[in-house]
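Heads up: the sequence shown begins at 994 in the numbering used here, then just goes up one per residue.
Glycine residues also receive a C-beta, built at the ideal position from the N, C-alpha and C atoms.
Note that this is a predicted model, so its numbers are computed, not measured.
What follows is a single structure, written as structure tokens, with notes after it.
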Amino acid sequence: MSAALYERLAARLGPKGFTTDAQIIAPHLQDWRGRPPGATPFLAAPASTEEVAAVVRLCAEAGAAITPQGGNTGLVGGQIPQGEVLLSLKRMNAIRSVDPVDDALVAEAGVVLARVQEAAAEADRLFPLSLASEGSATIGGLLSTNAGGVHVVRYGMMRELTLGLEVVLADGRILDALKSLRKDNTGYDLKQLFIGAEGTLGIITAASLKLFPRPRGRALAAASVTSAENALRLLEIAKTRTGALAAFEIMNRCVIDMTLKNVRNARAPIAGTFPYLALIEFEAASAEGLRERVEIALAEALETGIADGAVIAESEGQAKDFWFLREMASAGHKPEGAQINCDISVPVSRIPRFLETAGAAAERVCPGVRIVAFGHAGDGNIHYSLIQPEGADAAAFPAAALSEAAHDAAHALGGSISAEHGIGVSRKGELPRYKSGEALDLMRALKTALDPKGVLNPRALI
Ligand SMILES: Cc1cc2nc3c(=O)[nH]c(=O)nc-3n(C[C@H](O)[C@H](O)[C@H](O)COP(=O)(O)OP(=O)(O)OC[C@H]3O[C@@H](n4cnc5c(N)ncnc54)[C@H](O)[C@@H]3O)c2cc1C
């Protein structure tokens, strides 16, 4: 990295926005999965859109590549530099406006999701995106990975929750598309190019986000089911008998047991050794009649043998307890040894077939492999981890072959190898196997058109 670039960035950003201090930089180089740390000559942390634009312009002029980073909770390594300039958006943390008439909230890229949820609630509105990393993940990172989480079944992913964006382009110009319009048919929907682009096409500096009325009625139920097929039957009942389905999550036996074993204070809402637990959240404008409808749905599931146990959380504390088990599922199986963590989606109807075929294929590759399956079954997204057999040699774990087996199984069912985490660097090598040549050509053409010098996150995605 040139000394001239160093001097220009240091002068433009000042001591609060620029550092080479290894101690300050270290946490930015280590990801949640604990992969080997990254490397960077310096950390640039601009505090305004103009400063972000200056950083990008100076880097582009110097031919230096940039890795953008928000909360560093990404699970596919796209936010970890390997020699690039590390551009942290964490200091861009203002909520610029909250408008309950427009039902729109404008937040800068570095605002943490939990803060956006709070600001919406203060205006008697809901921002519905919700995921286990919401205390650290930022709006810029959530947009760049098109994050999903538990409420997609009712509200959609970040793509559906975004009205407008402000983006710094690869040459340092600022694209102001920060509108709060529900309707705008004036050509290509440019904001969508940057959502899910993992920082490869532009640096998102602010977003206008959709707000919703705050539901006054909420209920959370847990049910034990004997098979994945029955989990889908339960989903159908929960959806159609209540009209209020907001989340439908499942956990298989293996991940329930590992989470109970490895996470302090984790408790199962229902005792027993059933194969799947479903966690079902309901929301309605008013609390009136909601519980009754949920009870009718659960009674039907029990009477027809779809579920063999069911319980409704009786207090907010109990609801938090139910959610805690699900939210700790990733942390719960992380200590169990060598593993691969897939984030697949298939059409909802094919979840049981995926579990069957992927499980059989994984067992053929690695007899005794432990299979963790949990996640957002209501929208077809299963977090699927394959973990070394108990007591096996971690060095002999056939990670690549297992990953291929699981991804092939999803692909064969019309699924995706990345439902909500993105491709980053860890799945980049697999993309050509599952994306068509035409799709890859178009992605490369977009990258070349928007970032001809390859300044923005050049090792990620494409
Ligand atoms: C315990 C746990 C649970 C999780 N659960 C879910 C879940 O349920 N659903 C889900 O979708 N994800 C989940 N994630 C993944 C993660 O939280 C999301 O990917 C999140 O969107 C990343 O946000 P971040 O601010 O941490 O971004 P980072 O990790 O910092 O970056 C992610 C990507 O976005 C790019 N980027 C960051 N900021 C910008 C910007 N301003 N402009 C352009 N590019 C940028 C980075 O270069 C990188 O490629 C989970 C993660 C953890 C650790």
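Tell me the residue span of the alpha helix (DSSP H) that contains residue i.
{"i": "E1309", "result": "1309-1320"}
{"i": "E1349", "result": "1344-1358"}
{"i": "D1486", "result": "No information on residue 1486 is available, as it lies outside the stretch 994 to 1455 that the chain covers here."}
{"i": "A1053", "result": "1042-1055"}
{"i": "L1225", "result": "1221-1235"}
Could you give the residue range of the beta strand (DSSP E) that holds residue i?
{"i": "P1061", "result": "1059-1062"}
{"i": "Y1181", "result": "Counting along the chain, Y1181 falls outside any beta strand (DSSP E), and DSSP gives it neither H nor E."}
{"i": "R1028", "result": "It is not in any beta strand (DSSP E) - R1028 carries neither H nor E in the DSSP assignment."}
{"i": "T1066", "result": "Unbroken run through T1066: none, as it is neither H nor E."}
{"i": "L1158", "result": "1155-1161"}
{"i": "G1010", "result": "Taken as a continuous stretch (DSSP letters only), G1010 belongs to no beta strand (DSSP E), being part of the alpha helix (DSSP H) at 996-1010."}
Between the Cα of residue i and the Cα atoms of the options, which residue gives the shortest distance?
{"i": "G1134", "options": "A1200, V1339, L1171", "result": "A1200"}
{"i": "G975", "options": "V1218, P1360, A1353, I1344", "result": "Not covered by the structure: residue 975. The range shown for the chain is 994 to 1455."}
{"i": "A1303", "options": "L1272, E1281, A1324, K1327", "result": "L1272"}
{"i": "A1214", "options": "L1291, P1268, Q1023, G1195", "result": "L1291"}
{"i": "T1066", "options": "D1024, P1093, V1091", "result": "D1024"}
{"i": "E1356", "options": "A1392, R1152, G1325, S1342", "result": "A1392"}
{"i": "A1293", "options": "G1010, T1233, D1401", "result": "One point to set straight first is that residue 1293 is Glu, not Ala, in the sequence displayed. Residue T1233 is the option with its Cα nearest to E1293."}
{"i": "F1120", "options": "L1202, A1403, Q1016, P1340", "result": "L1202"}
{"i": "P1340", "options": "A1259, H1404, T1042, F1187", "result": "H1404"}
{"i": "V1104", "options": "S1090, D1095, E1431, G1384", "result": "S1090"}
{"i": "A1366", "options": "S1308, N1245, G1407, P1382", "result": "N1245"}
{"i": "S1081", "options": "E1054, A1116, A1130", "result": "A1130"}
{"i": "Y999", "options": "G1165, G1282, F1267, E1077", "result": "E1077"}
{"i": "G1141", "options": "I1337, A1394, P1382, I1263", "result": "I1337"}
{"i": "D1164", "options": "L1454, A1453, R1452, L1443", "result": "L1443"}
{"i": "Q1332", "options": "L1283, I1380, R1319", "result": "I1380"}
{"i": "E1043", "options": "S1308, Y1181, L1162, A1240", "result": "L1162"}
So who's on the other strand from residue i, going by DSSP bridges?
{"i": "L1119", "result": "F1205"}
{"i": "Y1377", "result": "C1335, A1366"}
{"i": "R1211", "result": "E1276"}
{"i": "F1497", "result": "Absent from the structure is residue 1497, since the part of the chain shown begins at 994 and ends at 1455."}
{"i": "D1092", "result": "A1097"}
{"i": "I1196", "result": "V1161"}
{"i": "Q1075", "result": "A1032"}
{"i": "D1301", "result": "Paired residue(s): none; D1301 is not in a bridge."}
{"i": "D1497", "result": "Past the boundaries of the shown model lies residue 1497; the chain is included only from 994 to 1455, so the question cannot be answered."}
{"i": "V987", "result": "What is shown of the chain runs 994 to 1455, which leaves residue 987 out entirely."}
Pop quiz: residue i and residue j are said to be a contact at Cβ under 8 Å. What is the actual Cβ separation, rounded to whole angstroms?
{"i": "R1211", "j": "E1276", "result": "6 Å"}
{"i": "I1289", "j": "N1223", "result": "Not confirmed; about 18 Å, so no contact."}
{"i": "I1073", "j": "L1106", "result": "About 20 Å separates the two Cβ atoms, so there is no contact after all."}
{"i": "A1102", "j": "G1063", "result": "7 Å"}
{"i": "A1412", "j": "N1450", "result": "So it is not a contact: roughly 21 Å between Cβ atoms."}
{"i": "V1045", "j": "T1155", "result": "Between T1155 and V1045 the Cβ distance is about 19 Å, and since that is not below 8 Å, they are no contact."}
Problem set entry | Three-pair Cβ contact test at 8 Å for the segment 1224-1234 versus the segment 1168-1186 | no
Exercise. Does the pairing of the segment 1021-1033 with the segment 1041-1058 give three or more beta-carbon distances under 8 Å?
Worked result: no
Exercise. Just checking, does the segment 1190-1197 make contact with the segment 1121-1128 on the three C-beta pairs under 8 Å criterion?
Worked result: no
Exercise. Do the segment 1136-1155 and the segment 1423-1442 touch if we need at least three Cβ pairs shorter than 8 Å?
Worked result: no
For this session: Please determine if the segment 1246-1260 and the segment 1317-1333 are in contact, where contact requires at least 3 C-beta pairs separated by less than 8 Å.
Result: yes
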